[in-house]
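J.: Heads up: the sequence shown runs through residues 1 to 453, numbered per full-length UniProt numbering.
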Amino acid sequence: MSTLEVFFRGQIDSICGQICFKVIIPNQDVDILMLFLVYEHAPHYGISLTADTSTKEHELPMNFLSGSGCSYCLEIYGLRKKIESDREFYEYQSYGRTVFQVMKGRSASNLNLNMRLSEQECAFLPVDCASKDNLQISIHHKPNSRYTFKSNQKYQSDKTWILIFKQHGEKISVFINTGKRLKFTLPFELHAARNCEIKAIIGSVLYESDVVRIIANEVNSKKLRFKSYFTKQEYQALLNRTLSFIKILPGKFNTIDYLYRNKSEMYFASIREYHSGIMKPYKKDHNGDPCSVINGNIDGLFFSTAVDFQTMKPLPESLYGPVRLHIDASTLFTPNFNLYFADFYCHYRVHYVTVVLTPKRSPTDKFCEGRLLKLDIRQNPFIYLSETKEDFYEVIVYLSNGLRVEVFYTEAVNISRIIENQQGHFERVPTIGRGESRPSGIPKNNLCKICNL
Numbered sequence: 001m002s003t004l005e006v007f008f009r010g011q012i013d014s015i016c017g018q019i020c021f022k023v024i025i026p027n028q029d030v031d032i033l034m035l036f037l038v039y040e041h042a043p044h045y046g047i048s049l050t051a052d053t054s055t056k057e058h059e060l061p062m063n064f065l066s067g068s069g070c071s072y073c074l075e076i077y078g079l080r081k082k083i084e085s086d087r088e089f090y091e092y093q094s095y096g097r098t099v100f101q102v103m104k105g106r107s108a109s110n111l112n113l114n115m116r117l118s119e120q121e122c123a124f125l126p127v128d129c130a131s132k133d134n135l136q137i138s139i140h141h142k143p144n145s146r147y148t149f150k151s152n153q154k155y156q157s158d159k160t161w162i163l164i165f166k167q168h169g170e171k172i173s174v175f176i177n178t179g180k181r182l183k184f185t186l187p188f189e190l191h192a193a194r195n196c197e198i199k200a201i202i203g204s205v206l207y208e209s210d211v212v213r214i215i216a217n218e219v220n221s222k223k224l225r226f227k228s229y230f231t232k233q234e235y236q237a238l239l240n241r242t243l244s245f246i247k248i249l250p251g252k253f254n255t256i257d258y259l260y261r262n263k264s265e266m267y268f269a270s271i272r273e274y275h276s277g278i279m280k281p282y283k284k285d286h287n288g289d290p291c292s293v294i295n296g297n298i299d300g301l302f303f304s305t306a307v308d309f310q311t312m313k314p315l316p317e318s319l320y321g322p323v324r325l326h327i328d329a330s331t332l333f334t335p336n337f338n339l340y341f342a343d344f345y346c347h348y349r350v351h352y353v354t355v356v357l358t359p360k361r362s363p364t365d366k367f368c369e370g371r372l373l374k375l376d377i378r379q380n381p382f383i384y385l386s387e388t389k390e391d392f393y394e395v396i397v398y399l400s401n402g403l404r405v406e407v408f409y410t411e412a413v414n415i416s417r418i419i420e421n422q423q424g425h426f427e428r429v430p431t432i433g434r435g436e437s438r439p440s441g442i443p444k445n446n447l448c449k450i451c452n453l
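Right, here's the structure in full:
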């Protein structure tokens, strides 16, 4: 098998000697080499270098200090150039890593290091050490599966942003951008429900020519890990699983009088004292499926529909607090809202269906319309409106001991007005378990064969 050999030469102590890296590349598909050279225990001090493999020898305009007692860590990625959506980037082909010291003394006047790159898949992102900078990178998603990464960090002058992205089952991709602030969209769509990670190395250009560019590292960010969201195709598969599960359950449709919400005394007292009796929606946590697109993206309030099968009244106990707010179901569930299927998950025992209830043509409705499956609010397998002969509406829900429907209502609720208009009431209930919700939510049971795709 043919190989490529590329040499990098630098100075030791300015004039005393020379260091030479001989990089052996096991295939011909490598267009550039990307080198990350840092002090092993001080990764903020180092360089990132890109070099064209069409040039076989490169001079490094830098000095290596001998006798410092510090080890250098050198990582080299062999990359192939790719273009998608008119954007140039680089894809992983091979990898090598070595740690070395430049010793002081006559025998160290010249130092030669050979590195043979491996074609095996690399599981590490570069400079993946304990000391990292907390660069805040936010993720923005557009249907079907486009992702943009942004940072509020803004510099006075242009910086070089090296973005390294990895999706499970795919090769590492490297993107090189220039600018004062990060705003970058991947040029390809991601597979749904895949573990992903991205990091940034930011610096200033020390030297640049047609074939080599050297960047002084200034920021070595932590890895941002996330899971790519479901597309409508996955939501359809999840809905199909839900419907198959319902078919084997003993259950029935029944009218419910209330949607209800369990919380602590402090929660409701704070609403009365500091928010004029208005219960405001907040960001959806990461309860349920980690691939659900509503997680962290839309605001809302959870309401339960679960009832005791013997009394057909709301469950007698609470997992989330001793104070329960009942609201007439038809007060919140009205024809000028749209309904969306958002999740199907379990926490080892009972399965849950999450539906989003949001006003028509609202910003949240537009968000959901492009990403979730819309349900007919007057006829669907979970919860719907039924018009009575008196031109009133009843809320009908599917009831089963094995499945509960929870409603994520995206609007603020004026509790004071609801109580005043006799459209709801408070009740104290005994708590079980923790007696409160967890701030970040509880991920679904990923071993369940019923609700996992």
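Where is the CB? At the ideal position from N, CA and C, for every residue including glycine.
Keep in mind that this is a model prediction, so the values were computed, not measured.
For Arg261, count neighbouring C-beta atoms within 10 Å of its own C-beta (all shown protein chains included) and say buried if the count is 16 or more, exposed if not.
T.: One-based indexing of the sequence shown puts residue 261 at position 261. So Arg261 counts as buried.
J.: Please report the distance separating the alpha-carbon of Arg106 from that of Ile201.
T.: By 1-based counting over the sequence shown, the position of residue 106 is 106. By 1-based counting over the sequence shown, the position of residue 201 is 201. A caution first: Arg106 carries a pLDDT of 47, below 50, which makes its placement in the model unreliable, though a value can still be read off. Approximately 36 Å, taken between the alpha carbons.
J.: Please list the terminal residues of the continuous beta strand (DSSP E) segment that includes Phe344.
T.: Within the sequence shown, the letter at position 344 stands for residue 344. Per DSSP, Phe344 belongs to the beta strand (DSSP E) from 337-346.
J.: Residues in the same chain with beta-carbon distance under 8 Å from Gly424, minus the five sequence neighbours each way, listed in chain order, please.
T.: Mapped onto the sequence shown, residue 424 falls at position 424. Counting only Cβ-Cβ distances below 8 Å, and skipping sequence neighbours, we find Tyr258, Leu325, His326, Ile327, Asp328, Thr331, Ile415, Ile418.
J.: Short of 7 Å in beta carbon distance, which residues of its chain neighbour Glu91, apart from the five on each side in sequence? Order them along the chain.
T.: Residue mapping note: residue 91 aligns to position 91 of the sequence shown, counting from 1. Cβ within range, chain order: Leu79, Arg80, Lys82, Lys171, Ser173.
J.: Where Cys451 and Ser292 are concerned, what is the direct C-alpha to C-alpha distance, given to the nearest angstrom?
T.: Translated into positions along the sequence shown, residue 451 becomes position 451. Translated into positions along the sequence shown, residue 292 becomes position 292. Going by the C-alpha atoms only, they are around 13 Å apart.
J.: What is the residue span of the alpha helix (DSSP H) that Met266 lies within?
T.: Residue mapping note: residue 266 aligns to position 266 of the sequence shown, counting from 1. Taken as a continuous stretch (DSSP letters only), the alpha helix (DSSP H) holding Met266 covers 265-274.
J.: With a threshold of 6 Å on Cβ separation, who are the neighbours of Tyr207 within its own chain once the five nearest residues in sequence on each side are excluded?
T.: The residue given as residue 207 occupies position 207 in the sequence shown. The answer, listed in chain order, is Pro61, Ile214.
J.: Does the count of Cβ pairs from the segment 190-198 and the segment 154-162 closer than 8 Å reach three?
T.: Segments in contact, no.
J.: From the DSSP output, in three-state form, read off Thr50 for me.
T.: Mapped onto the sequence shown, residue 50 falls at position 50. Of the three classes helix, strand and coil, the one that applies to Thr50 here is strand, per DSSP.
J.: So, for His347: in the same chain, excluding its five sequence neighbours on each side, which residues have a beta-carbon less than 8 Å away from its beta-carbon?
T.: Within the sequence shown, residue 347 is the residue found at index 347, counting from 1. Only Ile442, Lys444, Asn445 meet the Cβ criterion.
J.: Rounded to whole angstroms, what's the CA-CA distance from Leu186 to Ser244? Just pull it up for me.
T.: On the sequence shown, residue 186 is found 186 positions in, with the first residue counted as 1. On the sequence shown, residue 244 is found 244 positions in, with the first residue counted as 1. Taking the straight line from one Cα to the other gives about 36 Å.
J.: What did DSSP end up calling Ala216 once you bin it into helix, strand or coil?
T.: Your numbering for residue 216 matches position 216 in the sequence shown. Here Ala216 sits in strand by DSSP.
J.: Pair every Cβ in the segment 236-251 with every Cβ in the segment 308-316, then say whether three or more of these pairs are closer than 8 Å.
T.: No: the two stretches stay apart, fewer than three of their Cβ pairs being nearer than 8 Å.
J.: Just to confirm before moving on: does the CB-CB distance between Val212 and Thr50 stay below 8 Å?
T.: For the purposes of this step, residue 212 is taken as residue 212 along the sequence shown, with counting starting at 1. For the purposes of this step, residue 50 is taken as residue 50 along the sequence shown, with counting starting at 1. Yes.
J.: Give the DSSP-derived three-state secondary structure of Arg371 in the structure shown.
T.: Indexing the sequence shown from 1 puts residue 371 at position 371. Looking at Arg371 - three-state DSSP - the assignment turns out to be helix.
J.: In or out: Glu5 buried (at least 16 other Cβ within 10 Å) or exposed?
T.: Locating residue 5 in the sequence shown gives position 5, counting from the first residue. The residue in question, Glu5, is exposed, as its Cβ has fewer than 16 Cβ neighbours within 10 Å.
J.: Between the beta-carbon of Gln167 and the beta-carbon of Arg146, is there less than 8 Å?
T.: As a first step, residue 167 must be located in the sequence shown, where it is residue number 167. As a first step, residue 146 must be located in the sequence shown, where it is residue number 146. For Gln167 and Arg146, no; Cβs fall outside 8 Å.
J.: Excluding five sequence neighbours on each side, which residues of the same chain lie with their C-beta closer than 8 Å to the C-beta of Tyr398?
T.: The count along the sequence shown starts at 1 and reaches residue 398 at position 398. Here the set comprises Ile246, Gly251, Lys252, Phe253, Pro381, Phe382, Ile383, Val405.
J.: Can you list, in chain order, the residues of its chain whose CB lies under 8 Å from that of Asp365, leaving out five sequence neighbours each side?
T.: Counting from 1 along the sequence shown, the entry for residue 365 is found at position 365. Correct list, in chain order: Asn338, Thr358, Pro359.
J.: From this set, Asp391, Gly277, Glu75, which residue's C-alpha is nearest Leu33's C-alpha?
T.: Residue 33 sits at position 33 when you count from the first residue of the sequence shown. Answer by Cα proximity: Glu75.
J.: Identify whether Ser204 lies in helix, strand or coil by the three-state DSSP scheme.
T.: Position 204 of the sequence shown holds residue 204. Here Ser204 sits in strand by DSSP.
J.: On the DSSP bridge list, what partners appear for Asp299?
T.: Within the sequence shown, residue 299 is the residue found at index 299, counting from 1. Bridge partners of Asp299: Lys283.
J.: Assign Thr388 to buried or exposed, taking buried as 16 or more other Cβ atoms, counted over all protein chains shown, within 10 Å of its Cβ.
T.: Walking along the sequence shown from the start, residue 388 turns up at place 388. When all chains shown are included, Thr388 counts as exposed.
J.: For His140, is the classification buried or exposed, using 16 other Cβ atoms within 10 angstroms of its Cβ as the cut-off for buried?
T.: Translated into positions along the sequence shown, residue 140 becomes position 140. Exposed: under 16 other Cβ atoms inside 10 Å.
J.: Quick check: the Cα distance between Ser440 and Gln233, rounded to an integer number of angstroms?
T.: Residue 440 sits at position 440 when you count from the first residue of the sequence shown. Residue 233 sits at position 233 when you count from the first residue of the sequence shown. Those two C-alpha atoms are separated by around 27 Å.
J.: Spatial neighbours of Ser437 within its chain, please: CB distance less than 7 Å, with the 5 preceding and 5 following residues excluded, ordered by chain position.
T.: Reading the sequence shown from its first residue, position 437 is the one you call residue 437. Tyr320, listed in sequence order.
J.: Extract the residue ranges of the alpha helix (DSSP H) inside the segment 361-408, only unbroken runs of 4 or more that lie entirely within it.
T.: Listed in chain order, the complete alpha helix (DSSP H) runs (minimum 4 residues) inside the segment 361-408 are 363-371.
J.: Measure from the alpha carbon of Asp13 to the alpha carbon of each residue in Lys56, Asp31, Leu65, Leu403, then state which is nearest.
T.: Numbered from 1 along the sequence shown, position 13 holds the residue referred to as residue 13. Closest option to Asp13, Cα to Cα, is Leu65.
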